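In the UniProt record's numbering, the protein residues as written are 1 to 391.
From the three backbone atoms N, C-alpha and C, an ideal C-beta is built for every residue, glycine too.
All values reported here derive from a predicted model rather than from experimental measurement.
Okay, structure first, notes after.
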Ligand SMILES: *Cc1c(COP(=O)(O)O)cnc(C)c1O
């Protein structure tokens, strides 16, 4: 295992071409126009045309891969409707997400239940609503699903390298290769329709080779499935497709080159899908908040925004660096930035270089913040949830 990881690492350093294609952001004049109507609280302004274009770009770069949007990235109904109109399917983790999608007219058959750990009650509910496909990554989950829905179509989530991802997920989910044969044998014994393989390379993944390794491992699992008498027909490439913030990224076209080559010799009867979340929505939106006040503490400059860790800007706590724009042009100095709550966790960044003349009531603009912001926000300490405005 260690050896193959090292090999992947080496390829990372030599073969990634970054920023080969222009990335997009919402036009800031749209944000300014919106602010002319007044400001009550933080908001996310979404340009749905960008979502449309991202969905089209994804499909064009990988014609064989059907995108199923990971609803958790931004479950706003207008976002979901835009993606429905673009012919995108969906991936869910809970029955609230299922209900939301079905209320918008998405057929249950288009919805994949990709959370590897589902409660019995949730599986029963999803089965009653007509969801056909369910993921699993353990023998216990296999038995649980089959005991509720014996004819469920099942896909196995396997472990794959998360090297070069901002949010490595490896460890929490994913069957290790040593445990695969036991699960396959149990599926055969239960007469279960174990028919697919999936993996997740980790969110905001900057290493296209992770998808190649995942696809190669999936092919090994397909071979074992066939040997056991199962009929594999689904390859689900998961999520992780990155978006541009401060660091360079491999464009979707560069990732697609790796994926298209790796799936080229898959049999025709294997349906290939993916679960982009961040990629489809992040670039479409700008998050707008405001400076509540500033302070100098022991010589250090602090500013406090009306949205922080609890107001939707939580991914900074896991190392994401956003681009931050203001309407000031003073010289840049290091600031500590915090949210409005009294929790010590609510600090967004230290030594962030921002204009020295920032003051109370200034607006803060965070481009490309359409994913994992409003969906994470809470009312902690009595501060309001951000608005979502869609144009
Ligand atoms: C969160 C998630 C995704 C989407 O991940 P992104 O990094 O936003 O693309 C896809 N599939 C599953 C199973 C997930 O949990």
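Subject >> Option nearest residue 78 by Cα separation, candidates 384, 382, 370 >> reply: 370
**OP:** Would you decide whether residue 475 is buried or exposed? Buried here means 16 or more other CB atoms lie within 10 Å of its CB.
**Re:** Residue 475 cannot be examined here, being either before or after the span of the chain that is shown, 1 to 391.
Original post:
Is the beta carbon of residue 114 within less than 6 Å of some heavy atom of ligand 1?
Top reply: yes
**OP:** Along the alpha helix (DSSP H) that carries residue 57, what are the first and last residues, could you check?
**Re:** 48–61
Subject >> Within-7 Å CB hit, residue 234 to chain B >> reply: Among the protein chains of the structure shown there is no chain B, as only one such chain exists.
**OP:** Pick out whichever of 236, 245, 243 has its Cα sitting closest to the Cα of residue 259.
**Re:** 236
Original post:
Measuring from the CB of residue 278, is there a heavy atom of ligand 1 at a distance below 6 Å?
Top reply: Yes, ligand 1 has a heavy atom inside 6 Å of this Cβ.
Original post:
Which residue spans inside the region 339–389 form an unbroken alpha helix (DSSP H) run of at least 4?
Top reply: none
Original post:
Are there three or more Cβ pairs, one per stretch, closer than 8 Å when the region 376–389 is compared with the region 292–301?
Top reply: Taking one beta carbon from each stretch, the region 376–389 and the region 292–301 have fewer than 3 pairs nearer than 8 Å; the two do not touch.
Original post:
Expressed to the nearest angstrom, what Euclidean distance is found between the alpha-carbon atoms of residue 2 and residue 140?
Top reply: Confidence at residue 2 is low in this model, with a pLDDT of 31, below 50, so its placement is unreliable and the value that follows should be read with caution. The straight-line gap from Cα to Cα measures roughly 28 Å.
Original post:
Expressed to the nearest angstrom, what Euclidean distance is found between the alpha-carbon atoms of residue 41 and residue 95?
Top reply: 30 Å
Original post:
Roughly how far, in whole angstroms, is the beta-carbon of residue 195 from the beta-carbon of residue 234, given that I think they are within contact range, below 8 Å?
Top reply: Yes, they are in contact, since the Cβ atoms of residue 195 and residue 234 sit about 6 Å apart, within 8 Å.
Original post:
Any heavy atom of ligand 1 closer than 6 Å to the Cβ of residue 91?
Top reply: Short note on residue 91: C-beta closer than 6 Å to some heavy atom of ligand 1.
Subject >> First and last residue of the uninterrupted beta strand (DSSP E) at residue 396 >> reply: Here the chain covers residues 1 to 391 and nothing more, so residue 396 does not appear.
Original post:
Between which two residues does the alpha helix (DSSP H) harbouring residue 125 extend?
Top reply: 120–129
Subject >> With 16 other Cβ atoms within 10 Å as the buried cut-off, status of residue 345 >> reply: That one is exposed.
Original post:
Which one or two residues does DSSP pair with residue 271 in a beta bridge?
Top reply: 234
Subject >> Straight-line Cα distance separating residue 230 from residue 49 >> reply: 42 Å
**OP:** Pick out the complete beta strand (DSSP E) segments inside the region 195–255, 3 residues or longer, and give them in chain order.
**Re:** Segments of the beta strand (DSSP E) lying fully in the region 195–255: 203–205, 234–236.
Subject >> DSSP beta-bridge partners of residue 332 >> reply: 355
Subject >> Among 21, 105, 83, nearest to residue 276 - alpha-carbon criterion >> reply: With distances taken between Cα atoms, residue 276 lies closest to 83.
**OP:** Using 6 Å as the cut-off, classify the Cβ of residue 256 as near or not near the heavy atoms of ligand 1, replying yes or no.
**Re:** no
Original post:
At what residues does the beta strand (DSSP E) containing residue 78 begin and finish?
Top reply: Counting along the chain, residue 78 falls outside any beta strand (DSSP E), though it belongs to the alpha helix (DSSP H) covering 77–85.
Subject >> Environment of residue 353 [buried if 16+ CB atoms lie within 10 Å] >> reply: That one is exposed.
Subject >> Inter-residue Cα distance where the pair is residue 92 and residue 111 >> reply: 7 Å
Original post:
So what does DSSP say about residue 310, is it helix, strand or coil?
Top reply: It is helical.
**OP:** Could you tell me whether any non-hydrogen atom of ligand 1 is closer than 6 Å to the CB of residue 318?
**Re:** no
Original post:
In whole angstroms, what is the alpha-carbon distance linking residue 12 and residue 123?
Top reply: With a pLDDT of 46 at residue 12, under the threshold of 50, the predicted position of this residue should be treated as unreliable, though the coordinate-derived value follows. Their backbone Cα atoms lie some 39 Å apart in a straight line.
**OP:** Would you mind stating whether residue 265 and residue 290 have Cβ atoms separated by less than 7 Å?
**Re:** no
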